[in-house]
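Written below as structure tokens is the structure these notes are about.
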Amino acid sequence: MNVSSVQVKEPVQVAKAVETPNGLASSSLAAGSKMRARTFLAVPTATLIAFVVHLFVSQDEPAVDTRSYSVFLAGMFGLSVAAAAVQPLWSSLRRWMAHMCPIIAATVLLLCLWEVITSGLRLLPMPYFPSPAGVLQSLLNDRKLLFDSTWHSLLLLLSGYVLGVSIALVTGICIGWFPLARYWGMPLLKALGPIPATAWVPLAMVLSPSGIFSAVGLVALAVWFPVTMLTISGIANTRASYLDVARTLGAGPKHLIFRVAIPAAMPSIFIGLFMGLGTSFLTLIVAETVGVKSGLGWYVSWAQGWAEYGKVYAALVIMAAFFSTIMTVLFKVRDRVLVWQKGVIKW
Amino acid sequence: MAERGHQVVATTATNALNEGSSLRIVEVSKHFPAADASSERTHALDNISLSVAAGELVSVVGPSGCGKSTLLRLIAGLDHCDSGTLTVGADAIHEPSAERGLVFQDPNLFPWLTVRRNIESGLVARGVLHEKRHEVDEFIRLVGLETFAKAYPHHLSGGMAQRVALARALINHPKVLLLDEPLGALDAFTRMRMQDEVLRLWEARGATILLVTHDIDEAIYMSNRIVIMTPRPGRVERIIPVSLERPRQRNSAEFLRLRGDILEFLHFTRGAG
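Here the protein sequences come in this chain order: A and X.
Using our numbering, the first residue of the first sequence is number 259, and each one after it goes up by one.
Using our numbering, the first residue of the second sequence is number 119, and each one after it goes up by one.
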């Protein structure tokens with residue numbers, strides 16, 4: 259089956275090689291197109307393998323539980339074949355595929371391995387480790403509640419993060435710039451900052467009028483410490499010569515803070531923002547588990563309480579997508595704000 | 119020495135646009151605190167006196183550690199002297215001001231701003247960008263960086279970056295321009311081209327320029343007078359007028375004779391000290 263699909267694809271690749279007018283490049287391109295053929299066929303091949311394994315493994319399971327996974331794999335297969343067929347005409351898709359295909363194929367093969375281990379060979383205790391088909395089914399069955407939980411998590415995360423970052427920027431800039439604020443602020447920061455925000459949970463539950471408030475406060479607190487620390491360090495380490503130059507250009511204190519120290523501190527502030535985002539995810543899930551009765555953290559512990567492990571994993575899948583999307587958004591903001599670093603620093 | 123008037127050492131300063139102010143340094147001394155308990159505090163400047171006429175270009179040469187840069191920082195107002203007075207025109211120097219532009223060996227461009235925004239930053243700092251925006255293009259043209267106006271500093275070569283730094287200092291129309299080895303980090307060819315460029319800017323704007331340099335050729339090529347300083351403590355050892363015709367020839371007999379004199383003098387002082 260594998261071999262036949264390779265033969266189907268071959269003419270497309272040959273056409274591609276002929277297209278390039280440059281004779282010098284054609285020999286290296288021939289090698290490149292061979293590699294490319296392998297790259298573009300990786301996903302269809304992997305999905306096909308996964309599909310066959312799935313059919314074989316799930317023969318004695320009820321069709322209702324496994325059908326959506328079959329549809330998913332079939333869809334993946336169709337999509338990847340279509341993409342491979344279209345890519346010679348669409349250069350940005352081709353570049354994306356050349357980069358992503360091996361990763362996607364590996365993911366599909368991992369799913370296949372997971373299915374073999376769980377519902378195939380039954381190596382793992384059953385209720386705790388459902389197969390990918392089961393997880394997908396739970397995800398689809400409970401999509402309304404999952405969507406609702408994600409929405410609540412997003413609201414909670416954003417309000418806590420924005421609150422924490424706003425306070426952190428103010429405290430960080432003050433402590434980094436004004437010696438008096440540094441004298442009084444640093445000991446406080448060093449004493450309270452390293453306490454994990456989640457350790458405040460008991461106090462937060464006593465103090466706050468509602469679970470939502472305490473959760474927002476905890477997330478804000480978790481974000482506040484790293485962002486403050488790195489803002490201080492960025493502001494305090496502003497190169498003295500930038501400040502000297504600005505002063506000889508006629509800059510007053512306001513200009514020195516807002517137009518020199520803060521832009522100079524931006525790379526450091528962004529490291530703080532990324533660290534803060536990481537701790538805010540952790541705190542969000544803990545806060546939702548213990549206090550708030552909504553959100554993905556709550557959903558996981560609720561589903562666990564009913565021993566519906568398919569739903570637990572479904573929520574984890576959603577979390578992975580949710581958190582990495584937010585991370586990507588922050589990277590995009592970083593790229594925009596720190597555009598002047600482009601080509602200088604890679605991280 | 120206590121006179122405060124506008125009396126200045128008479129020197130030829132034949133500039134059309136006279137933006138410069140005279141500069142007087144009277145019996146200025148400066149110490150730096152010891153770095154640790156065992157070392158003594160540094161006597162950076164000892165009783166320095168120097169007058170620079172409006173529109174004059176004066177070079178300060180001398181071995182490392184003779185306090186050249188310290189002197190420039192005092193004039194810029196970035197540091198304070200222990201004793202003595204510094205005045206620009208009729209005003210004593212207390213703090214940095216846009217009237218005294220400073221360009222360092224490292225261009226120190228703000229890396230987060232484009233070339234245009236770097237040049238603008240003096241206007242922004244003084245809050246006059248709105249009225250003087252038209253001058254920005256003029257200064258970008260003056261240093262020949264029209265095509266790089268939107269580039270960020272790390273895309274510039276050393277010479278281009280230093281030209282931006284010059285334009286950034288000049289856009290405030292400083293009465294005194296302080297140059298702290300501004301061409302020190304450039305290669306020999308770029309440096310010679312930049313020397314002409316600084317001279318061109320000086321002749322066009324007529325600012326008073328105090329140039330600190332290691333390079334004796336540069337000092338002879340550019341300045342009306344050369345101040346030779348000696349280290350530990352930093353003192354003005356000698357002031358040599360340069361009366362060669364401009365544009366100067368780097369290989370003329372007079373140029374080379376003057377060069378020989380200065381080198382001999384520096385060697386002599388080193389041997390004695």
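Note that the Cβ used here is the ideal one computed from N, Cα and C, for glycine as well.
| Query | Result |
| --- | --- |
| Determine the contact status of X:P285 and X:F257, defining contact as a CB-CB distance below 8 Å. | Note that residue 285 of chain X is Ala in the sequence shown, not Pro. Yes, the Cβ-Cβ distance between X:A285 and X:F257 is below 8 Å. |
| Check this for me: beta carbons of A:I576 and A:L542, under 8 Å apart or not? | no |
| Quick one: which chain X residues come within Cβ less than 7 Å of A:R201? | Since the displayed chain A opens at 259 and closes at 605, residue 201 of chain A lies outside it and no answer follows. |
| Going along chain A, which residues have a C-beta under 9 Å from X:L267? | Contrary to the premise, residue 267 of chain X reads as Ala rather than Leu in this sequence. Residues of chain A passing the Cβ test: none, with the nearest at roughly 15 Å. |
| What residues in the stretch 495-525 of chain A have a beta carbon less than 8 Å from any beta carbon of chain X? | R497, S499, Y500, D502, V503, A504, R505, T506, L507, G508, A509, G510, H513, R517, V518, P521, A522, M524 |
| Taking DSSP's pairing of strands, which residues face X:S147 in a bridge? | X:S201 |
| Cβ of X:N133 less than 8 Å from any chain A Cβ? | Reliability of the predicted coordinates at X:N133 is poor, the pLDDT of 42 falling under 50, and the value obtained from them is presented with this limitation in mind. No, X:N133 does not count as interfacial toward chain A. |
| Near A:I529, which residues of its chain fall below 8 Å by C-beta distance, leaving aside the five closest residues on each side in sequence? | L488 |
| Who are the Cβ neighbours of X:S147 in its own chain at under 7 Å, not counting the five residues just before and after it? | L163, D164, N165, C199, D200, S201, G202 |
| State the beta-bridge partners of A:H357 as determined by DSSP. | The partner list for A:H357 (beta bridge, DSSP) is empty, contrary to what the question assumes. |
| Who are the near neighbours of X:E421 in its chain, counting only those whose CB is closer than 6 Å to its CB and skipping five residues on each side? | Nothing can be reported for residue 421 of chain X, as the shown portion of chain X is limited to 119 through 391. |
| Report the option in X:L204, X:G173, X:L190, X:C184 whose CA atom is closest to the CA atom of X:V144. | X:L204 |
| For X:P359, name the three-state secondary structure that DSSP assigns. | strand |
| Using the Cβ count rule (16 or more neighbours within 10 Å means buried), how would you classify A:A457? | exposed |
| Are A:V301 and A:C359 touching if we call contact CB-CB under 8 Å? | yes |
| Looking at chain A, is there any beta carbon in it that lies within less than 8 Å of the beta carbon of X:L189? | no |
| Are the C-beta of A:W598 and some C-beta of chain X separated by less than 8 Å? | yes |
| Given 8 Å as the limit, is there contact between the stretch 236-251 of chain X and the stretch 313-332 of chain X, that is, 3 or more CB pairs closer than that? | no |
| Rounded to whole angstroms, what is the Cα-Cα separation between A:D323 and A:W564? | 19 Å |
| How far does the beta strand (DSSP E) with X:A162 in it reach, from first residue to last? | 160-170 |
| Can you grab the Cα-Cα spacing for the pair A:T496 / A:L427, in whole Å? | 16 Å |
| Take the Cβ of X:G185 as the centre, count every other Cβ of all protein chains shown within 10 Å, and call the residue buried at 16 or more, exposed below. | buried |
| Determine the burial state of X:D154: buried for a count of at least 16 other Cβ atoms within 10 Å of its Cβ, exposed for fewer. | exposed |
| What residue does the alpha helix (DSSP H) around A:L347 start on, and which one ends it? | Per DSSP, A:L347 belongs to no alpha helix (DSSP H) and is neither H nor E. |
| Using the Cβ count rule (16 or more neighbours within 10 Å means buried), how would you classify X:P365? | exposed |
| On a CA-only basis, which of A:Y327, A:T537, A:L299 is nearest A:V339? Give me that one, please. | A:L299 |
| From A:L331 to A:L347, what distance separates their C-alpha atoms? | 25 Å |
| What residue range is occupied by the uninterrupted beta strand (DSSP E) comprising A:L596? | Segment: none, A:L596 is in no beta strand (DSSP E) and carries neither H nor E. |
| Kindly indicate the opening and closing residues of the beta strand (DSSP E) around X:R343. | 343-348 |
| Inspect the beta-carbon positions of A:F618 and A:S411 and report whether they are closer than 8 Å. | Residue coverage of chain A in this structure runs from 259 to 605, which leaves residue 618 of chain A outside it and unanswerable. |
| With distances taken between CB atoms, is the gap from A:V423 to A:V485 smaller than 8 Å? | yes |
| Counting only the same chain and skipping the five closest in sequence on each side, list residues whose C-beta sits under 7 Å from that of X:P151. | R159 |
| Does the stretch 534-541 of chain A come close enough to the stretch 498-518 of chain A that 3 or more CB-CB pairs lie under 8 Å? | no |
| Would you call the CB atoms of X:A269 and X:N226 closer than 8 Å? | no |
| Please name the residue or residues paired with X:A210 in a DSSP beta bridge. | X:T205 |
| In the structure shown, what three-state DSSP assignment does A:I584 receive? | helix |
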